[in-house]
Amino acid sequence: MWGPVKSPPKLQVTPAGVVLLGYLALITVGTSVLVLPVSWSETGRAQDTGTVEALFTATSAVCVTGLIVRDTQFDLSPFGQCVILVLIQVGGLGYMTLATAFALLLGRRRISLRERLLVQQSSGQLTLEGLGRFTVRVLKVTVLLEGMGAAALTAKFLYDGIGLPRAAALGVFHAVSAFCNAGFSLFSTGLAGYARDPVVLLVVAALFVCGGIGFIVIVNVYAVKVRRSVRLLSLHTRLVLRTTLLLLAVGTIGILALEWSNGLGGLSWWEKGVVSFFQAATPRTAGFSAASVGAFTYGAQYLIILLMFIGAAPGGTGGGIKVTTFACLLHTIKSLVRKDKDVIMLNRRISEETVSRTLALVTVSMVILIIGVGALCISERGALQQKGLIGVLFEEVSAFGTVGLSLGSFSQNSCSLARDFTSFGKVILVLTMVAGRVGPLTLGMAMAQMRPGLFRLPEGKFIVG
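Now the structure itself:
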């Protein structure tokens with residue numbers, strides 16, 4: 005006798021899975037548009053841009069990385085440059101944050117629980133409370149800071165003799181790219197031509213530092229300013245600001261010392277200070293460069309690799325393992341060495357869950373980089389011969405941290421080393437950029453269904469270390 009027909013189980017997609025699918029959808033749309041001839045100038049069409057190059061460019065824009073395999077200034081048409089700008093803006097702020105903010109501004113009064121979970125997953129918020137107001141504030145802060153940056157840069161370009169339409173286009177593009185930590189530039193040499201111009205460098209640096217510290221910090225600092233009470237500073241904000249200032253100081257002093265008579269040799273002492281600060285801030289996932297990183301000493305390149313791996317703050321437009329993870333890791337190591345019972349940070353005990361999450365995040369990130377570098381060492385013999393292992397490692401870490409810095413192509417100076425990679429190597433970097441933008445743990449949660457254990461196995465003791 006026939007029994008009741010059971011319907012197939014529904015495919016349940018976690019919030020992390022939706023975030024991942026959303027970014028993949030954006031990349032697909034961007035690739036579909038960039039593969040069209042209208043997206044490229046005559047120079048770009050002459051190079052016969054293929055699907056892999058379009059995929060790489062779209063991924064680099066959506067993941068706000070800035071690695072380029074085609075010259076953004078000369079190879080892309082004005083339409084293609086506008087496409088890149090839109091992808092940067094949507095990818096930098098997060099599509100769920102933008103969609104929710106616009107819906108609320110257009111009159112929608114409430115957002116569903118699922119939408120709140122999606123915004124929480126993509127924005128890095130700790131709680132679901134006040135997410136609607138938070139997303140609207142994110143949009144307002146973005147418009148304000150990008151508008152101020154665009155106005156300042158446009159005025160500077162006008163002062164330099166550039167016509168109004170071109171100056172405005174340059175100002176808007178670089179303001180959006182800087183705040184979103186994308187690193188795309190409409191100058192083939194990046195900002196190297198403005199190495200002696202403190203106005204451009206400091207405006208761009210201010211934008212990508214603000215984007216890198218995260219919207220959570222910006223909103224909190226604004227609340228402190230309005231209410232004039234330092235006590236309102238959250239622990240997260242204090243940790244982000246302290247760690248960011250420490251990394252900026254260490255990076256600036258390190259680059260200044262290592263490159264004083266090398267990469268910074270032709271500059272005056274105050275220009276060296278400004279460029280050193282800029283080059284210390286930009287590895288925190290911004291990707292703009294005011295000097296040739298490929299001409300730096302190995303010591304400076306290694307320092308930049310470390311800064312790229314650490315990255316920006318949670319809830320911002322940057323990548324990397326995040327400054328809070330780095331701080332938690334240092335305090336965890338300190339407590340293990342001293343055999344303390346608890347991990348203490350800012351006079352607060354860190355939960356075991358946070359410590360476990362920190363160790364897991366750093367471990368998974370290292371595994372991703374080891375696999376990526378290993379694959380590139382097999383496929384990119386030409387790049388290894390020209391730039392060495394550090395060149396390949398630099399490119400992979402830059403992709404993971406969504407930074408965009410590169411030691412440079414050996415076939416075209418205006419492009420990243422990725423230009424000289426095989427199609428396989430470019431795809432490896434595409435996967436790395438997606439993992440870095442979404443986040444290793446979010447990526448893992450998107451690919452696995454969390455199930456509570458029904459029982460616990462006996463504890464085992466193993467010798468480690």
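In this note's numbering, the protein residues as written are 5 to 469.
A virtual CB, placed ideally from N, CA and C, is assigned to each residue, including glycine.
Give every residue of the same chain whose Cβ lies closer than 8 Å to the Cβ of residue i, excluding the five residues on either side of it in the sequence, and list them in chain order.
| i | result |
| --- | --- |
| THR248 | VAL213, GLY216, ILE217, ARG288, ALA317, VAL327 |
| ALA199 | LEU205, LEU271, GLU275, VAL279, ALA294, ALA295 |
| ARG441 | TYR27, VAL66, CYS67, VAL68, THR69, GLY95, GLY323, THR406 |
If the criterion is Cβ atoms closer than 7 Å, does the pair residue i and residue j meet it?
| i | j | result |
| --- | --- | --- |
| CYS332 | THR362 | yes |
| ASP79 | THR47 | yes |
| LYS160 | VAL203 | yes |
| SER415 | GLU399 | no |
| ILE314 | PHE292 | no |
| ILE222 | VAL341 | no |
| ILE372 | ALA439 | yes |
| ALA179 | GLY197 | no |
| GLY255 | LEU311 | yes |
Pick from the options: whose alpha carbon is nearest that of residue i?
| i | options | result |
| --- | --- | --- |
| CYS67 | LEU334, LEU24, THR53 | LEU24 |
| SER420 | THR336, GLY315, ARG74 | ARG74 |
| VAL147 | ASP344, GLY167, GLN93, THR158 | GLN93 |
| ALA155 | GLY175, VAL142, TYR27 | GLY175 |
| ALA253 | THR286, GLY26, LEU334 | THR286 |
| GLY408 | VAL434, LEU97, SER81 | VAL434 |
| MET370 | SER355, ILE325, ARG385, GLY392 | ILE325 |
| ALA290 | PRO41, ALA403, VAL377 | ALA403 |
| THR336 | LEU310, VAL366, MET312 | VAL366 |
| ASP201 | TYR163, SER265, ALA261, LYS229 | TYR163 |
Check the C-beta distance from residue i over to residue j and give it rounded, since I have them as a contact under 8 Å.
| i | j | result |
| --- | --- | --- |
| VAL347 | SER339 | 5 Å |
| VAL208 | ALA182 | 5 Å |
| SER427 | VAL56 | 5 Å |
| GLY429 | GLY298 | Not a contact, Cβ separation roughly 18 Å. |
| ALA304 | GLU263 | 5 Å |
Once the 5 residues before and after residue i are set aside, which same chain residues still bring their CB inside 7 Å of it?
| i | result |
| --- | --- |
| GLY320 | GLY215, GLY216, ILE217, GLY218, PHE219 |
| ALA387 | GLY395, VAL396, LEU421, ASP424, PHE425 |
| LEU109 | Confidence in LEU109 is poor, its pLDDT being 49 and thus under 50, which makes the residue's placement unreliable; the coordinate value appears in the next sentence. Taken in chain order, the residues that qualify are VAL140. |
| LEU117 | Any reading at LEU117 is ruled out, since the residue's pLDDT is 49, under 50, leaving its predicted position unreliable. |
| PRO462 | none |
| ILE432 | GLY376, ALA379, LEU380 |
| GLY84 | LEU38, SER43, TRP44 |
Here's a check: name, in chain order, each residue in its chain whose Cβ is nearer than 6 Å to the Cβ of residue i, leaving out the five neighbours to either side.
| i | result |
| --- | --- |
| PRO169 | none |
| THR61 | LEU38 |
| SER192 | ASP75, GLN77, SER418 |
Quick one: is residue i buried, meaning 16 or more other Cβ sit within 10 Å of its Cβ, or exposed?
| i | result |
| --- | --- |
| LEU239 | exposed |
| THR301 | exposed |
| SER383 | buried |
| ALA379 | buried |
| ILE308 | buried |
| VAL244 | buried |
| GLY269 | exposed |
| GLU357 | exposed |
Determine whether the Cβ of residue i lies closer than 7 Å to any Cβ atom of chain D.
| i | result |
| --- | --- |
| THR358 | Among the protein chains of the structure shown there is no chain D, as only one such chain exists. |
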